[in-house]
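Going down the list, the protein sequences come from chains Z and Y. The first sequence begins at 1 in the UniProt record's numbering and counts up by one. The second sequence begins at 1 in the UniProt record's numbering and counts up by one. Worksheet: the structure to be examined is printed underneath.
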Amino acid sequence: MTIQISSQNEFNSYVSTHLFFLFSNLTEIFPSNVISFRELFEVAATPKSQQKPDAMDSITLVELVTMKDKEIKETLKLAAEQAEIQKTIDELRTEVDKRDAEIKHLQKNLKEAETILSTAIYQAKQKLTAINQANNRKISSEELIKFAHRISASNAVASPPTWMPGDPRRPYPTDFEMRLGFLGKVGDLPLNTPVLQSQGSYGEPMSSNRNTAQTEGTPTSSSAGWHSELGLGASGGNSQILADFKGPKTESEDVGFMSSDSSSSSLSSDE
Amino acid sequence: MASIRQSAVPGSQESEEQQRIRFQTELEFVQCLANPNYLNFLAQRGYFKDPTFVNYLKYLQYWKEPKYAKYLKYPQCLFFLELLQYEHFRKELVNSQCAKFIDDQQLLHWQHYQRKRLTLLQEEMASQRALQQPPKEKPG
Numbered sequence: 001m002t003i004q005i006s007s008q009n010e011f012n013s014y015v016s017t018h019l020f021f022l023f024s025n026l027t028e029i030f031p032s033n034v035i036s037f038r039e040l041f042e043v044a045a046t047p048k049s050q051q052k053p054d055a056m057d058s059i060t061l062v063e064l065v066t067m068k069d070k071e072i073k074e075t076l077k078l079a080a081e082q083a084e085i086q087k088t089i090d091e092l093r094t095e096v097d098k099r100d101a102e103i104k105h106l107q108k109n110l111k112e113a114e115t116i117l118s119t120a121i122y123q124a125k126q127k128l129t130a131i132n133q134a135n136n137r138k139i140s141s142e143e144l145i146k147f148a149h150r151i152s153a154s155n156a157v158a159s160p161p162t163w164m165p166g167d168p169r170r171p172y173p174t175d176f177e178m179r180l181g182f183l184g185k186v187g188d189l190p191l192n193t194p195v196l197q198s199q200g201s202y203g204e205p206m207s208s209n210r211n212t213a214q215t216e217g218t219p220t221s222s223s224a225g226w227h228s229e230l231g232l233g234a235s236g237g238n239s240q241i242l243a244d245f246k247g248p249k250t251e252s253e254d255v256g257f258m259s260s261d262s263s264s265s266s267l268s269s270d271e
Numbered sequence: 001m002a003s004i005r006q007s008a009v010p011g012s013q014e015s016e017e018q019q020r021i022r023f024q025t026e027l028e029f030v031q032c033l034a035n036p037n038y039l040n041f042l043a044q045r046g047y048f049k050d051p052t053f054v055n056y057l058k059y060l061q062y063w064k065e066p067k068y069a070k071y072l073k074y075p076q077c078l079f080f081l082e083l084l085q086y087e088h089f090r091k092e093l094v095n096s097q098c099a100k101f102i103d104d105q106q107l108l109h110w111q112h113y114q115r116k117r118l119t120l121l122q123e124e125m126a127s128q129r130a131l132q133q134p135p136k137e138k139p140g
């Protein structure tokens, strides 16, 4: 199409220059025709005696006129041919415009298709990364359901439907539950110093307390779940923290240590 | 603290019993971190200024892995554990107002599901009532 268009342009320029030339020819011819016609009439009108000495012979004038007439006729014929050519030019131009419109339409369609494909590819890539991610971290559905049950059944992640301000239940282990737990029990050991000294040997000094910790642990069935599924044992590792944990129990009121009652009463204003 | 460090060293002369004990204590302790009042307690006693304790908190992040996380009953503790890695948060926890704010927000979030369900049920009831009313008006 581009080659044809350039040739069309050349043709157009050729035709336009030729038309201009033709037109200029005609404009040149007409004044000379008029002059020759005027001279002829002057010569014919005046008698021989009054003629100017340098006036042309009537014969040469007539010849001149006929020559000019012939030229005019030829030029007119050329003009007619040019008109024909101009018609074909116009037809070709409309054809070119039609083709241009079609090309634009196709271009628009192509652009739309490209955008649709690019979005599809992008989404497909995202899906692939999600699939890879899922494949890398596989979890059995049974484990997932077990975990979901564990965290929901105890109202740890969603409040119970009948919860009201003043209810002691919380989404975290409360101080009461903490004291009932394994860490809380370890803090009840009467001898702290031998525990600290015997860091390597966790066995003997604690064996007497092991049974008591176990028996105390089992009644608390509601909070037992969060300690672990394993059996209870004694530990000397965390006794340092626990000594401090248990120590300032009496000072807890001053510090505001896990005062769940005060927090619940203030929360009532939110509801 | 030194005793914790001893017990926290992985794989070095730990019997199965010791490992079990360590698992249980760390499980309980990490879940205690879900309690903002307990966090305030720890902050006010200066535990968060101890670099050993801070390292211990960093070490406790292994509970985020699925094979350990499945033992957690209070998964909100993991969120707090992550926040506790930042010093700014640890400093802010000394204020009891901060702890109280966190506690309130935590409770409101806890009730979010029930509230959403309640509003949904109320909307459903209202729409049903609206549907029932025009047929009642027609015969009248």
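Glycine is no exception: its CB is placed at the ideal position from the N, C-alpha and C atoms.
Taking the Cα positions, Ser-36/Z is about 28 Å away from Glu-81/Z. Proximity of chain Z to Tyr-74/Y at the Cβ level (cut-off 7 Å) is accounted for by Ala-156, Pro-171, Tyr-172, Pro-173, Trp-226, in chain order. Counting along the chain, no alpha helix (DSSP H) covers Tyr-86/Y, and no H or E run does either. Under the 10 Å beta carbon count, Asp-90/Z is surrounded by fewer than 16 other beta carbons and is classified as exposed. At a C-beta separation below 8 Å, Ser-140/Z has no neighbours in chain Y, since its nearest C-beta there lies roughly 10 Å away. Straight across, the Cα-Cα distance linking Ala-83/Z with Gln-107/Z is about 36 Å.
Annotation: Gln-13/Y is outside any alpha helix (DSSP H) and is labelled neither H nor E by DSSP. Excluding the 5 residues flanking it on each side, Ala-69/Y has same chain C-beta neighbours closer than 8 Å at Trp-63, Pro-75, Leu-78, in chain order.
Asn-25/Z is a Cβ neighbour of Thr-75/Z, given a cutoff of 8 Å. Taken through DSSP and simplified to helix, strand or coil, Asp-97/Z comes out as helix. Considering only Glu-14/Y, Lys-91/Y, Glu-26/Y, the residue with the shortest C-alpha distance to Tyr-56/Y is Glu-26/Y. For Gly-166/Z, the closest Cβ of chain Y is not nearer than 8 Å. Assigned with DSSP and collapsed to three states, Met-164/Z falls in coil, not helix or strand. DSSP, read as helix, strand or coil, puts Ser-140/Z in coil.
One thing to note: Ser-152/Z has its Cβ no nearer than 8 Å to the Cβ of Trp-110/Y.
Contact of Gln-122/Y with chain Z by beta-carbon distance below 9 Å is absent, the smallest such distance being about 14 Å. A residue is called buried when at least 16 other Cβ atoms come within 10 angstroms of its Cβ; Lys-73/Y meets this threshold and is buried. Cys-32/Y reaches chain Z at Pro-173, Met-178, counting residues in chain order whose Cβ is nearer than 7 Å. Bounds of the alpha helix (DSSP H) holding Thr-52/Y are 51-59. Counted as a single uninterrupted DSSP element, the alpha helix (DSSP H) harbouring Arg-179/Z occupies residues 175-180. With a threshold of 16 other beta carbon atoms within 10 Å, Asn-136/Z falls short and is exposed. By the criterion of a C-beta distance shorter than 8 Å, Gln-61/Y is surrounded in its chain by Leu-81, Glu-82, Gln-85, once the five residues flanking it on both sides are discounted.
Between the C-alpha atoms of Gly-181/Z and Glu-142/Z there is a straight-line separation of about 28 Å.
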